[in-house]
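Below you'll find the structure, written out as structure tokens, and then a few comments.
Residue numbers (this note's numbering): 1 to 80.
Rendered as structure tokens:
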């Protein structure tokens with residue numbers, strides 16, 4: 001866990017608001033890492049392409065953020 005990453009307590013609050021994992025295969029299993037990547041990008045203001053590797057593929061993080069913003073998932077996360 002890196003500086004600024006979700007704590008276990010924060011994760012417990014957010015997890016119920018996320019789409020079910022495993023429906024699309026293994027790539028959907030690590031929502032926590034993706035959320036940490038999104039939050040890192042918001043905090044630092046870096047371009048998506050410059051996300052550190054520890055968050056996974058920048059494209060995955062970007063696409064999930066875009067999808068969650070469009071379908072209301074991100075709003076539910078922020079309200080949790």
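The beta-carbon is built from N, C-alpha and C at its ideal position, and this holds for glycine as well.
Computed from a predicted model, the values in this text were never measured in an experiment.
Here residue 38 is buried: its Cβ has 16 or more other Cβ atoms, across all protein chains shown, within 10 Å.
The C-alpha of residue 76 lies about 26 Å from the C-alpha of residue 49. For residue 13 against residue 80, the beta-carbon gap comes to about 5 Å, under 8 Å, which counts as contact. Going by beta carbons, residue 78 and residue 36 fall outside the 8 Å limit.
Boundaries of the alpha helix (DSSP H) around residue 71: 58-71.
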